[in-house]
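For the sequence shown, this note's numbering gives the first residue as 548, with consecutive numbering after it. Heads up, the thing below is written out as structure tokens.
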Amino acid sequence: NLVDSAASSTCEMLFTLAQQLGWPLSPPAAQCLLTGIVTDTNCFRTSNVTPALLGMAQALMQAGASLTIITESVLNRRPAASFRLWGQALSAARLQGRIIWTSIPYAARLACAATDPANDSGLVSHLISAAEADIAALFSEQEDGKIDVSLRSMPGVDVSQVALSLGGGGHAQAAGCTLRLNLSEAQARVLPALQAALERQLGAASDEAQW
């Protein structure tokens, strides 16, 4: 196992490993690695972006990766079915305290012809842009009945421990898990855990501020 909790992405770790082992990077390999870095950092906008990571991105571009192609094909373009699905999910979004969340039933996917899980890619990151929210959660029902839970948070708020406690994992600000529950059961399990974690962290931050 190769574990680096400070890394922005698996692709950052793979780039470092390739450099240490002297592996040559072909243009297709560089394109794949830069794609992973760009998507995991929301195009270099997360708190774990470092000068070293930007140097890696530069090296990958020099090896043949195209940042323009990545941003256009992965971040700026999506199927029309995604817009229909997002419309339903956003209209159902709820704000509980500082937590914003929504659900995607599988029936909605069928109605929107958006059964590919990639159709909701980026939706939870859009939710966390709500000014009133510190945490965003997306509950997405899959064809097999499992619920994929995607979590995002603002800097200073860690959602990874909640995901880990539910059998998942991820970064402090981007984590998730898969639950063998129905949508309402998943919401009843995850939302109180997020609220308790948020209250704990905000309370700790308040205590530190007083000191």
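Don't be surprised by glycine CBs; every beta carbon is placed ideally from N, CA and C.
In chain order, what residues of the same chain lie with their CB nearer than 6 Å to the CB of Ala721, ignoring the 5 residues before and after it?
Here Ala721 has Arg699 as same chain residues with Cβ atoms under 6 Å from its own Cβ, once five neighbours each way along the sequence are excluded.
Can you tell me where the alpha helix (DSSP H) with Glu795 in it begins and where it stops?
Here the chain has residues from 548 to 758 only, and residue 795 is not among them.
According to DSSP, Arg641 sits in a beta bridge with which residue or residues?
Arg641 pairs with Trp648.
Across which residues does DSSP place Glu688 in a beta bridge pair?
In the DSSP secondary-structure assignment, Glu688 is bridged to Ile694.
Cβ-based burial, Glu688 [other Cβ within 10 Å; buried from 16]:
By the 10 Å Cβ count, Glu688 comes out buried.
Between the alpha carbons of Asp587 and Ser555, how many angstroms are there, rounded?
About 7 Å.
Alpha-carbon spacing of Gly634 relative to Ala733, whole angstroms:
Taking the straight line joining both Cα atoms gives about 22 Å.
Would you say Asn666 and Ala604 are within 7 Å of each other, going by their C-beta atoms?
Cβ distance not < 7 Å, so Asn666 and Ala604 don't count as in contact.
How long is the line joining the alpha carbons of Ile647 and Trp570, rounded to whole angstroms?
Approximately 44 Å between the Cα atoms of the pair.
Please classify Glu559 as buried or exposed, where buried requires at least 16 other C-beta atoms within 10 Å of its C-beta.
Counting Cβ neighbours within 10 Å, Glu559 comes out buried, since at least 16 surround it.
According to DSSP, which residues form a beta bridge with Ile584?
None, per the DSSP bridge assignment.
Should Val671 go down as buried or exposed, given a rule of 16 or more other Cβ atoms within 10 Å for buried?
By the Cβ-count criterion, Val671 is buried, with 16 or more other Cβ atoms from all chains shown falling within 10 Å of its own Cβ.
Does any C-beta atom of chain B lie closer than 7 Å to the C-beta of Val585?
Here there is only one protein chain, and chain B is not present.
Kindly indicate which three-state DSSP category Ser700 falls into: helix, strand or coil?
DSSP places Ser700 in strand when its eight states are reduced to three.
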